[in-house]
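Take the sequence shown: its letters are residues 13 to 86, numbered as in this note's numbering.
Even glycine gets a Cβ: it sits at the ideal position worked out from N, Cα and C.
Quantities reported herein were computed from a predicted structural model and do not represent experimental measurements.
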Amino acid sequence: MNYRTGGSHWVLDSGCTQHMTGDRAMFTTFEVGGNEQEKVTFGDNSKVKVIGLGKIAISNDLSIENVSLVKSLN
């Protein structure tokens with residue numbers, strides 16, 4: 013993260029290549045489906061299906077787009 017002195021201007025870079033959650037209620041917009049073959053591979057090499065994609069608001073002014081809904085995440 014980088015911000016200008018005074019904290020009024022932020023640049024957010026999480027370093028993530030793919031944002032995901034298991035909580036459908038977090039989405040402000042959501043689209044079911046997409047690529048039926050899309051899966052996420054976890055560190056233990058298990059694979060789970062992506063249910064859909066959407067946008068999550070993390071503040072009044074900032075949101076993250078293309079967040080995957082993955083059912084098995086808690």
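Alpha carbon to alpha carbon, how far is residue 50 from residue 75? Give it in angstroms, no decimals. 23 angstroms
Please return the same chain residues whose Cβ sits closer than 7 angstroms to the Cβ of residue 70, not counting the five positions on each side in sequence. 76
Which residue comes first and which comes last in the beta strand (DSSP E) that contains residue 77? 75 to 82
Whole-angstrom distance between residue 35 and residue 86, CA atom to CA atom: 7 angstroms
Name the two residues that bound the continuous beta strand (DSSP E) containing residue 65. 59 to 69
Determine the DSSP secondary structure at residue 14, reduced to helix, strand or coil. Note on residue 14: pLDDT 45, under 50, position unreliable in the model; no value is reported.
Between the CA atoms of residue 45 and residue 68 - distance to the nearest angstrom: 17 angstroms
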